[in-house]
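Position one of the sequence shown corresponds to residue 1 (the UniProt record's numbering), numbered consecutively onward.
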Amino acid sequence: MDTPDRDFVPARLAGLPSWLISQTALRAGRLVSDGLAVVGARGYHFRLLATLDEFGATSQASLGRRSGIHVSDVVAALNELADRDYVTREPDPADRRRNVVTITPAGRRQLRRLEKQLAVAQDDLLAPLTADEREQLSRLLTRVLRHHSA
C-alpha cells in the first residue's frame, strides 16, 4: 500500500514506528533519487564525494567503510565519478596493490550541486514539520541509529 492514510492501512500497522519509518524511508529515497537524477547523479555519488571531501584522499576499501557502501558498489560508482573527472585514482606509494582516491575541484563543484539538490529533497520530505521539529526528528533518529549500530 503506497499511502500512509490510516483509513487504508490496519490501525495496528499504521501506528508502528517501524512501519512509519520504512514508509517514510521509501518516500525519502524516491525524493533523493529524483533530485540527484536532475544533475546526473546517484546517492552513492554524493556519499563518496562527501566522504572524500570531509576525510581526504583514501583507499577504496576505507572509502567503502566510511561511506557505508559495499566495496563492489564503490568500484562501480568510482568508475562513474572518475569518468566525469570528479575523482582521481592513483596507486598508493606505500602499497602498489591498492588505489588512493582523491576528489578533484570538479568533484567539489559537483558535491555542492548535489548538496543543493539534497536540500530541496529534505525540504520536500519534511515540509509538514517546523525547523525545531526537523531538528528533533534528526536527533531522535540519530539516537535510534547509534543504538543499533553499536
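Glycine included, C-beta positions come from ideal geometry on N, C-alpha and C.
Values in this document were obtained by computation on a predicted structure and should not be read as measured data.
{"Item": "Take every Cβ of the segment 35-54, pair it with every Cβ of the segment 98-112, and state whether three or more of those distances are shorter than 8 Å.", "Value": "yes"}
{"Item": "Could you give the DSSP three-state label for PRO105: helix, strand or coil?", "Value": "helix"}
{"Item": "To the nearest angstrom, how far is it from the Cα of LEU145 to the Cα of ARG139?", "Value": "10 Å"}
{"Item": "So does the segment 41-56 actually touch the segment 127-136, counting three or more Cβ pairs closer than 8 Å?", "Value": "no"}
{"Item": "With the cut-off set at 7 Å, would you say ARG98 and SER149 are in Cβ contact?", "Value": "no"}
{"Item": "Identify the continuous alpha helix (DSSP H) that holds ARG42 and give its terminal residues.", "Value": "Where ARG42 is concerned, there is no enclosing alpha helix (DSSP H), given that its DSSP letter is neither H nor E."}
{"Item": "Would you call the segment 6-20 and the segment 55-75 touching, i.e. three or more CB-CB distances under 8 Å?", "Value": "no"}
{"Item": "In chain order, what residues of the same chain lie with their CB nearer than 8 Å to the CB of THR88, ignoring the 5 residues before and after it?", "Value": "ALA82, VAL101, THR102, THR104"}
{"Item": "Where does LEU114 fall in DSSP's three states?", "Value": "helix"}
{"Item": "I need the DSSP call for PRO17, collapsed to helix, strand or coil.", "Value": "helix"}
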